[in-house]
Amino acid sequence: MKRHLFVFSGPSGVGKGTVLNKALPLLGDITYSVSCTTRDPRPEDIEGKTYHFMTKGDFKRMADEGKFLEWAEVHGHYYGTRKDIVQAALEEGKDVLLEIDVQGALQVKKKMPEAVTIFLQPPSADELAKRLRGRGTESEEELATRIKNSVTELDFAEQYDHFVINDIVDNAVCEFIKIVKGYREEL
Ligand code: ADP
Ligand code: 5GP
1141 MKRHLFVFSG PSGVGKGTVL NKALPLLGDI TYSVSCTTRD PRPEDIEGKT
1191 YHFMTKGDFK RMADEGKFLE WAEVHGHYYG TRKDIVQAAL EEGKDVLLEI
1241 DVQGALQVKK KMPEAVTIFL QPPSADELAK RLRGRGTESE EELATRIKNS
1291 VTELDFAEQY DHFVINDIVD NAVCEFIKIV KGYREEL
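One gets the numbering used here by counting positions in the sequence shown from 1 and adding 1140 to each.
Okay, here's the thing in structure tokens:
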């Protein structure tokens, strides 16, 4: 069976984590690529599960050694996808999912045009700000950066293969699953 690389993006606080937490267990065999980041862990973060946390020095060294499939500076921190993990999973015949920002998604699409890009949109800018604030994980300064950056990120949505609106979360989960299954069922 053909394996796929799915790339999932959307502004901070739109609900990417929420949708994936519900969708991934229903999708069976799909490898979630754990990104490397220089941002500080949040209380709910688990090293090696949500992210690999590292210093800027270690991150830059890995970037210089060409270890990332893509990397970008997002909201003032570095984030990157490990090339070896993605390649190994695809070679084993597994589908892979990246949850990365718009800059990273465009880098991946350029290197691997067969990648399937999916953008998660908020129902409105006000609702996005409300969710981000309601999550309560960022300082006021971080919140302002993320809200400001969401405007630019939303401009990239039209470059994606698919978009899903996260209004009612279960509907967004169904839409996401439908897209992934659609590719899996292709001959
Ligand atoms: P992201 O991973 O995109 O940064 P999260 O999954 O952390 O976003 O969601 C941000 C906040 O919004 C969380 O508090 C989450 O519970 C809430 N949320 C997610 N989806 C919805 C939705 N459809 N309706 C209302 N609140 C939502
Ligand atoms: P957060 O700090 O809220 O977990 O993530 C902030 C942003 O970084 C989100 O847009 C998320 O998609 C993005 N991100 C997470 N991992 C990666 C990655 O490996 N590469 C890139 N380019 N962006 C990432």
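Ideal Cβ positions, reconstructed from N, Cα and C, are used throughout, including at glycine.
Item                                                                                                  : Value
contact_flag[the region 1221-1240, the region 1169-1183] where n(CB pairs < 8 Å) is 3 or more         : yes
The ligand ADP heavy atom lying under 7 Å from the CB of N1312                                        : According to the sequence displayed, residue 1312 carries Ala and not Asn. Checking every heavy atom of the ligand ADP against the Cβ of A1312, one is found closer than 7 Å.
Rounded separation between G1188 and R1275 - CA only                                                  : 22 Å
Contact check, F1259 vs A1212, beta carbons under 8 Å                                                 : no
According to DSSP, residues forming a beta bridge with Y1219                                          : T1177, A1212
Rounded separation between T1177 and T1277 - CA only                                                  : 16 Å
Between the CA atoms of S1149 and I1240 - distance to the nearest angstrom                            : 6 Å
CB contact flag (L1268, G1153, <8 Å)                                                                  : yes
Member of E1280, Q1299, P1262 whose CA lies at the smallest distance from the CA of V1159             : P1262
Segments of 4+ residues assigned as alpha helix (DSSP H) that fall wholly inside the region 1220-1257 : 1223-1231, 1242-1251
7 Å Cβ shell around K1321 - same chain, five flanking residues per side excluded                      : none
Contact belief for N1306 with G1155 at Cβ below 8 Å, rounded distance in angstroms                    : 4 Å
Cβ pair T1257, V1174 closer than 8 Å                                                                  : no
Buried/exposed call for P1151, threshold 16 Cβ in 10 Å                                                : buried
Expected contact under 8 Å - CB spacing of T1285 and G1216 to nearest Å                               : 6 Å
Secondary structure of E1332, DSSP reduced to three states                                            : Here the chain comprises residues numbered 1141 to 1327, so residue 1332 is not present and cannot be evaluated.
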